[in-house]
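Visitor: Got a structure for you, questions after.
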Amino acid sequence: MELKDIIKPENLVYKRTECLTDKVLSYCPGCGHGTAHRLVMETIEELGIQSETIGVASVGCSVLSYDFMDVDMTGAAHGRATAVATGIKRCNPEKYVFTYQGDGDLAAIGTAETIHACNRGENITIIFINNGIYGMTGGQMAPTTLLGMKSSTTPYGRESALMGNPIKITELVAQLPGTYFVTRQSVHTPANVRKAKKAIMKAFDNQKLKKGLSFVEIVSNCNSGWKMTPVTANKWMEDNMFPFYPLGDIKVDGELVKK
Amino acid sequence: MGELKLMKGNEAIAEAAIRAGVDAYFGYPITPQSEIMEYLASEQPEKRTGMVLLQAESEVAAINMVYGAASTGKKAMTSSSSPGISLKMEGISYLAGAELPCLIVNVVRGGPGLGTIQPSQADYFQAVKGGGHGDYRLIVLAPASVQEMADFVGLGFDLAFKYRNPVMILSDGVIGQMMEKVEFGEQQPRRTKFDEPWMLTGKTPDRPHRIVTSLDLEAVQMEKHNLDLQAKYKTIRENEVRFEEIACDDADYIMVAYGSSARICQKTVKLARESGHKLGLLRPITLYPFPSERISQLADKVKGFLSVEMSSGQMVEDVMLAVNGKVKVGHYGRYGGVIHSPEQVLCGFEEFLSK
Ligand SMILES: Cc1ncc(C[n+]2csc(CCOP(=O)(O)OP(=O)(O)O)c2C)c(N)n1
Ligand code: SF4
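Quick look at the structure:
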């Protein structure tokens, strides 16, 4: 059998999601951003809400996510995505509105906007990619950088006395009455991808209920910033990031999950 | 005739916003303009027209909420006073870069820093020369009465949407706080059609997805975007200059003043004429675009210009550029929150004459 005999519509088992464009992703090979993009767009396709969705890209490696996601989108200033999303949603309550933000964007420069959008219970979905580092600007310390972790601005490792502690913003926003669904996922194995997809689906579905904000953290790798191969980066993430940022639901249907 | 009311300038802006069919107001309290949001809150605009009103956590958040609302084609506005406007500057630069229409009101107070809550005109440079980063311009309207505070809301949005550009009303604590009679027009309906190709309305199968952004990583593309912006600003300069002349026909000297300073200078014109000086007043209504051409024409027949501002001398630079050395140009003004009197301006003028 030749290749051309195999490449036939009836043999198709996997294809690009309709809601992703043909543009080649700008992400490093092995980076979690691409998988996270796909899951968000699969969700929009499966819910049939492409024409009702408006996305907000942030500043970070995903600054061009609006080129890859085939929905109407705007690019917010660094850290301001949830304020921009608030403006969109308040004026267009019938639309599905989401932000896609990195940890520097959401948990450092945009902390105030994040906390207050969560506290107001804006009916939006936040997709939060936590890779513990500033990927786009070349691997500087992020608010989420682990203690001891090396970055270009903590070349000898992050020290709490000098640089503070990594912030668990997801646990923090879960405490606010405005959040309805708060979860932490990863996309580095097929099983985790399936779980993350379910969480994202729930986060978009929740917008119909108008009960508050859905917050999906995805702990992800940054093999370039961490200076590791994709495989070692994923292993390092399991061994170091997950103990500090444990995966699983934190708040479901407005109730904190008892551990 | 429309409805007559006695109101503060700040309240007039708020009432005019509801009547102009504005879709959303996002703000953060600061003296001397908090009455704008307070008036809106008491009027329950969500019941009157469905207008969205939201007190944001900061001016930074408020201007970015405006950015979000504007990117879907909604008429969105914010207001603040000087320190708050400084915080909005990043967002304003993004709005200008992404070519989004909106209205920003600055009820100016004395600075720098936390400054004072008293009126000032020291934010002229920030309003007309950029303020935020990058090569951009705002259309800047300078009301001199409570009536103009109200009228410029509608005018501001018309210009904002005509040029897809942020518009600023540059007012000050005098106009914001004083009460005057103001006439309002009929209630305008809110926009229901969002059919312009830049508006984010949700991607449908019949069109490609839309992107609102100020980013282009290709320098050559970004230069092209800048050239387009500059062409737009040129059209604005050619078509939207607004000013008022008072006693300029036979004038030997002309004061240039805007906003509350122009109100004060009107009295100075009277006082000066009583004491034999042929003094006139040119009041720019648009600070950007500036009435440079008119000032240049007048410079051919008068002996000098005095820029009268509640600042240490900012607009005077634009007067000088327009006059281009043809006649002498001076500045008079109290500042840091102090308001000059008509008599003080007259003394300032006489001193200018003697120089
Ligand atoms: C006001 C402002 N400050 C700084 C920057 C530079 N900057 C761009 S992206 C970034 C960090 C992004 O990190 P993160 O949000 O973690 O996203 P990642 O790149 O890791 O996906 C910084 C500091 C900017 N664009 N704007
Ligand atoms: S720098 Fe890091 S976050 Fe950015 S694309 Fe590369 S791996 Fe992904």
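Residue numbers (our numbering), protein chains in the order written: chain C, 67 to 325; chain Z, -11 to 343.
Ideal placement from N, C-alpha and C gives every residue a C-beta, glycine not left out.
Please read these numbers as outputs of a predicted model, since none were measured by experiment.
#1: Using a beta-carbon distance below 8 Å, is R104/C in contact with chain Z?
#2: Which residues in the same chain have their Cβ closer than 8 Å to the Cβ of D136/C, if we skip the five residues on either side of it in sequence?
#3: Thinking C-alpha only, which one of V318/C, V163/C and R186/C is nearest F270/C?
#4: Distance cutoff 8 Å, beta carbons only. Does T66/Z sit that close to anything in chain C?
#5: List, in chain order, every chain C residue whose beta-carbon is nearer than 8 Å to that of A57/Z.
#6: Do the CB positions of G352/Z and P89/Z come within less than 8 Å of each other?
#7: I need the DSSP call for T223/Z, collapsed to helix, strand or coil.
#8: Is N312/Z near ligand 2, judged by its Cβ being under 7 Å from some heavy atom?
#9: Anything in the stretch 78 to 94 of chain Z with a Cβ closer than 7 Å to a Cβ of chain C? List those residues in chain order, please.
#10: What would DSSP say about K317/C, mapped onto helix, strand or coil?
#11: By Cβ distance below 7 Å, which residues in the same chain neighbour K276/C in space, the five residues on each side in sequence not counted?
#12: So which residues on chain Z does G141/C lean against when the C-beta distance must stay under 9 Å?
#13: Mind pulling the chain Z residues with CB within less than 7 Å of T119/C?
#14: If the criterion is Cβ atoms closer than 8 Å, does the pair R152/Z and D11/Z meet it?
#15: At a cut-off of 7 Å, is N197/C close to ligand 2 when judged by its beta-carbon and the heavy atoms of the ligand?
#16: Could you name the residues of the same chain whose beta carbon sits closer than 8 Å to that of L238/C, not counting the 5 residues immediately before and after it, in chain order?
#17: Tell me whether M294/C, by its Cβ, gets closer than 7 Å to a heavy atom of ligand 2.
#18: Between the beta-carbon of S124/C and the beta-carbon of A147/C, is there less than 8 Å?
#19: How many Å lie between I266/C and F247/C at the Cα?
#20: For A0/Z, verify whether its CB is less than 7 Å away from any heavy atom of ligand 1.
#21: So which residues on chain Z does V173/C lean against when the C-beta distance must stay under 9 Å?
#22: One question on the structure: do S248/Z and I163/Z come within less than 8 Å of each other, judged by their Cβ atoms?
#23: Should the stretch 65 to 73 of chain Z be called in touch with the stretch 188 to 204 of chain Z, which here means at least 3 C-beta pairs below 8 Å?
#24: Hey, is M202/C close to ligand 2, as in C-beta under 7 Å from one of its heavy atoms?
#25: So G120/Z and E78/Z are in contact, right, with Cβ under 8 Å, and what is the actual spacing, rounded?
#26: Tell me which residues of the stretch 160 to 184 of chain Z have at least one Cβ-Cβ distance to chain C shorter than 7 Å, keeping chain order.
Guide: So, from the data block:
#1: no
#2: The answer, listed in chain order, is E84, C85, L86, T87, M107 and Q116.
#3: V163/C
#4: Closer than 8 Å: no.
#5: Annotation: Cβ neighbours of A57/Z in chain C (cutoff 8 Å, chain order): G153, I154, R156 and C157.
#6: Because chain Z spans -11 through 343 in this model, residue 352/Z falls outside it and cannot be assessed.
#7: In this structure, T223/Z counts as helix in the three-state DSSP scheme.
#8: Not so, every heavy atom of ligand 2 lies at least 7 Å from the Cβ.
#9: Considering only beta carbons, the part of the stretch 78 to 94 of chain Z lying closer than 7 Å to chain C consists of E78, G79 and Y82, in chain order.
#10: strand
#11: N189
#12: Y82, A86, I199, V200, T201, S202 and L203
#13: Result: G190.
#14: no
#15: Correct: N197/C has its Cβ closer than 7 Å to ligand 2.
#16: I181
#17: Because no heavy atom of ligand 2 lies under 7 Å away, the Cβ of M294/C does not count as near it: no.
#18: yes
#19: 10 Å
#20: no
#21: First, the residue type needs correcting, since residue 173/C is Ala and not Val in the sequence shown. Those do not exist, as A173/C stays about 16 Å from chain Z at its closest Cβ, beyond 9 Å.
#22: yes
#23: no
#24: In this structure, M202/C has its beta carbon less than 7 Å from a heavy atom of ligand 2.
#25: 6 Å
#26: none
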